[in-house]
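In the numbering used here, the protein residues as written are 12 to 116.
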Amino acid sequence: MNIKRIALWVIFISFSVFSLWVMWNVGYAGIWQAGMESSGSFQILLDLVICCLIICSWMNADARSRDINPYPWFVAVASTGSIAILVYLIVREHNKSATPNLQTN
């Protein structure tokens, strides 16, 4: 396992555990409410939404180049945010190592 895969797994597990803890404390709606408490928190929320949209644009092109349907990933990003993006990157890295004869990015 290379350093990139290890880093993705560490970030995914750490962020998932933290996200579950936050969900347990404030709930799904509480996360959105916190993002709308002030103009500063709303700016951060919008920034994250824009980043997710940009990453989904990249994910669309990447998934299509690998003959993967990107739409389930879009739904996952809309409901879980960057957790779905991290899972996509982990799956992508796993598929890269499973097919070493293909030239991929």
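By construction, the Cβ of each residue, glycine as well, lies at the ideal position given by its N, Cα and C atoms.
request  = Label A95 either buried or exposed according to how many other C-beta atoms from any shown protein chain fall within 10 Å of its C-beta, with 16 as the threshold for buried.
outcome  = buried
message = Considering only their Cβ atoms, is the gap separating F23 from V88 smaller than 8 Å?
response = no
ask   = Between V33 and I42, what straight-line distance do the alpha-carbon atoms span, to the nearest angstrom?
value = 8 Å
message = So, for A74: in the same chain, excluding its five sequence neighbours on each side, which residues have a beta-carbon less than 6 Å away from its beta-carbon?
response = P81
task = Look up P81 in the DSSP assignment and say whether it is helix, strand or coil.
result = coil
query = How long is the line joining the alpha carbons of W20 and F29, rounded to whole angstroms?
reply = 14 Å
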